[in-house]
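Residue numbers (the numbering used here), protein chains in the order written: chain A, 4 to 411; chain B, 4 to 411.
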């Protein structure tokens, strides 16, 4: 597996671009993105489970179901949610405008939106700049970066990646970009993730690989427990690499699926690290649970606890909060048999043994927890094999600042 | 219903006291409380559902089950949780020490603890001061206040109350104290609530009344979504008022039960207002849900949303976050038919009609949300009758400060 550097433009046949069209007030901030493949793509997607759904999501779900996509058009600064029939109309119109530019079917254009809820999408801004958007496309890192910038809201870092793998001797690429830093919680809260690949993969296999990858990455991510109305992860496979088509769960499928998962995990970690106001990436690993689902539920309960997150911000080895969060996770385990250790590149320290305080140096624990990436490792010791890793971040002053004044 | 001012000492025959024994480092802060009734009391209690349970809770559950209590002894500064068999032994020993002082059965003494998890309870401090604690008892507001101070941790306000009602012509009193400001979430997270009454009520009726009162008050309270290992609400009824015994769901039961509920609701509101770092009391009311449970679930989802709470801190009329939180509550409702208004004593403003932005003045909304007590009123409009009110608070810089450095 080789790392590449042009994100969604790394796979053959994809171009991307991004411009400012006037949805965001600040003209230095791009707000409209496009990813395009001349070759039609097999799509697969996963969407938010929030009952309140953004209009763009409703339209994209329909277009993905139709089976063949050429493009993704996405705006930031406005979620086009709680905007009723007019919102759905706006999403359809945006897809149609892109379709016109490239003489493809409107149903081959996916639409995504992120930003404030309840404000009508300013269609005139989009309409008047749609040609500039099409013109902005290019097939290198610059195109990728422009598109990525155009989907960012409170994000402070670029979260992207691209890799090359080998399927039956043919080099194949996967590239991705994500946005999302607040309102992130399983499952898939305010995040957009666009993935491109030049692999030749059947729809069924693409869906299977995506479901697995998302289940082990974005769905194990928690920033603030809120789940957005607009989340989507969308992958387009255009087959330009010319590999033998992956249509069954053969060896090529495993290689592809593993690569996709590892790319998504690296993005999930980047998103956690860029959690709104976050100063630390928190990894919570649970082992010894009855099964993987139980382990995941327990780990998420710890990673999502406001008290635990605030303690991590303070580099305070308050392991009692981890036990407390395990206790209310609603999962069966022996509360008398829990081992907890904190770790980072500065070392590892066992702070709780058999649910009792272990002898440890507070000073050493503080040093370990003061690193930018910290781990809470929880062993339920009973010998069961259920294990899972989830990602989160600390809860900080900056989170409050960002979200107390989001619309200002 | 008349308001009284001496809390748990308002009902006849109850005395209370509180001292510093050395569990807290600061000798100006009381850390050991006692409530005592010479007459044996009928008890009823509700405990945390956290799988990790404090040692004192395990012991108290056993003593309540035994059926007759004289006293509650409670310490702050140490939760006596994750302390294993030695912790249970310490809780039993504390009960026995009090029992010795008053020549009653150890099983007639309830024990409660709140504070840091995982640190052994310093029994020698408790032992050496147990007589002073017994000596501190007095039957007026001073005794109540001393006991109340001794159960407080990060609390910044006293949360107590007492009322007098009339049962078949006989005046009867109910008094209460609570502690708890962080780690509060349904059901009953780090809170202690001790209630006394001189009513003559059967165990069965007392349990029924308590369950109803807690269900409509403390279990509708959310501060940070964390549920503690040590929560308990405990009521003692000593019968000293001499009312006709309440043994069935007669009219007296209704009066008693309603009074208890209203007292608990007033305490729940005080706890929300004193949520760690809180600057505002947030009330979320949902109506038009399928049933009361659905309404409660939806309201809690909004009140517990970190994004909504941060917006309330910023007095930002970001109603989209309310819709978003409704959407992930996991309850069936029509996401296209939601009305939302914000209210306070400064007025009321409809901000969302049929899930769309209503025309409203941002300035007016900000003025309304800048009050110390604010309401989010949500109407699902379909005409169904399920309604519920829950309480929470805003999420602030101060919350982070308190919980980033709790053990420091």
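All C-beta atoms, glycine included, are put in the ideal place defined by N, C-alpha and C.
Sorted by chain position, which residues of the same chain lie with C-beta nearer than 6 Å to residue 314 (chain A)'s C-beta, five sequence neighbours on each side aside? 321, 324
Could you check where the alpha helix (DSSP H) with residue 219 (chain B) kicks off and where it finishes? Note, residue 219 (chain B): premise wrong, no alpha helix (DSSP H); not H, not E.
Chain B contact for residue 398 (chain A) (CB, 8 Å cutoff): yes
Cutting at 7 Å between CB atoms, please list the residues of its own chain near residue 18 (chain B), excluding the five before and the five after it. Excluding sequence neighbours, residue 18 (chain B) sits near 12, 39, 140, 141, 142, 146.
So which residues of chain A does residue 174 (chain B) contact, with C-beta pairs closer than 7 Å? Ordered by position in chain A, no residue passes the 7 Å Cβ test against residue 174 (chain B), which lies about 41 Å from the chain.
Do you know offhand how far residue 386 (chain B)'s Cα is from residue 4 (chain A)'s? Rounded to the nearest angstrom, the two C-alpha atoms are 58 Å apart.
Applying the 10 Å Cβ sphere with the 16-neighbour rule, what's the burial state of residue 86 (chain B)? buried
Just the C-alpha distance for residue 298 (chain A) and residue 380 (chain A), rounded to the nearest angstrom, thanks. Taking the straight line joining both Cα atoms gives about 12 Å.
Could you check how far apart the C-beta atoms of residue 10 (chain A) and residue 163 (chain A) are, in whole angstroms? I think they sit under 8 Å. 4 Å
Got a sec: is the Cβ-Cβ distance from residue 326 (chain B) to anything in chain A below 8 Å? yes
I want to verify the contact list: residues of chain B whose CB lies under 8 Å from the CB of residue 297 (chain A), in sequence order. Correct list: empty, because the minimum Cβ distance to chain B is about 12 Å.
Residue span of the beta strand (DSSP E) that contains residue 162 (chain A), given as start and end: 162 to 170
Among residues of its own chain, excluding the 5 on either side of residue 130 (chain A), which ones have a beta-carbon nearer than 7 Å to its beta-carbon? 100
Check residue 295 (chain A) in the structure and name its three-state DSSP category. Correct three-state label for residue 295 (chain A): helix.
Can you find a CB in chain B that lies within less than 8 Å of the CB of residue 189 (chain A)? A caution first: residue 189 (chain A) carries a pLDDT of 43, below 50, which makes its placement in the model too unreliable to give a value.
Nearest neighbour of residue 240 (chain A), chosen from A:37, A:26, A:47 [CA to CA]: A:47
Who are the Cβ neighbours of residue 120 (chain A) in its own chain at under 6 Å, not counting the five residues just before and after it? Taken in chain order, the residues that qualify are 82, 84, 85.
Residue 22 (chain A) to residue 155 (chain A), Cα distance in whole Å? Distance from the CA of residue 22 (chain A) to the CA of residue 155 (chain A), rounded to the nearest whole angstrom, comes to 12 Å.
Between the stretch 284 to 291 of chain B and the stretch 385 to 403 of chain B, do at least 3 Cβ pairs fall closer than 8 Å? yes
So does the stretch 108 to 115 of chain B actually touch the stretch 55 to 71 of chain B, counting three or more Cβ pairs closer than 8 Å? These segments touch.
Using CA atoms only, rank isn't needed, just tell me which of B:75, B:78, B:177 is closest to residue 7 (chain B). B:177
Whole-angstrom Cβ separation of residue 220 (chain A) and residue 271 (chain A), contact assumed at under 8 Å? 4 Å
Nearest CA to the CA of residue 212 (chain B): which residue from B:223, B:198, B:225? B:198
Hey, how far is the Cα of residue 104 (chain A) from the Cα of residue 340 (chain B)? 37 Å
Just the C-alpha distance for residue 35 (chain B) and residue 304 (chain B), rounded to the nearest angstrom, thanks. 36 Å
Roughly how many angstroms lie between the CA atoms of residue 252 (chain A) and residue 171 (chain A), to the nearest whole one? In a straight line, the C-alpha of residue 252 (chain A) is about 14 Å away from that of residue 171 (chain A).
Residue 302 (chain B): buried (16+ other C-beta within 10 angstroms of its C-beta) or exposed? With 16 or more other Cβ atoms within 10 Å, it is buried.
Grouping DSSP H, G and I as helix and E and B as strand, with all else coil, what is residue 122 (chain B)? coil
Identify the continuous beta strand (DSSP E) that holds residue 179 (chain B) and give its terminal residues. Bounds of the beta strand (DSSP E) holding residue 179 (chain B) are 173 to 182.
With a threshold of 8 Å between beta carbons, is residue 384 (chain B) in contact with chain A? For residue 384 (chain B), no CB of chain A lies under 8 Å from its own CB, so it is not counted at the interface with that chain.
Where does residue 344 (chain A) land, buried or exposed, given buried means 16+ other C-beta within 10 angstroms? buried
So with CB distances below 9 Å, who are the chain B contacts of residue 381 (chain A)? Those within 9 Å of residue 381 (chain A) in chain B number zero; the least Cβ separation is about 13 Å.
Whole angstroms are fine: how far does the CA of residue 235 (chain A) sit from the CA of residue 312 (chain B)? 25 Å
Our contact map puts residue 326 (chain A) next to residue 358 (chain A) with C-beta atoms below 8 Å; I'd like the distance itself, whole angstroms only. 6 Å
Classification of residue 14 (chain A) by the beta-carbon crowding that lies within 10 angstroms, buried from 16 upward: With a threshold of 16 other beta carbon atoms within 10 Å, residue 14 (chain A) meets it and is buried.
Residues of the stretch 356 to 376 of chain B with Cβ closer than 8 Å to any Cβ of chain A, in chain order: 357, 358, 359, 360
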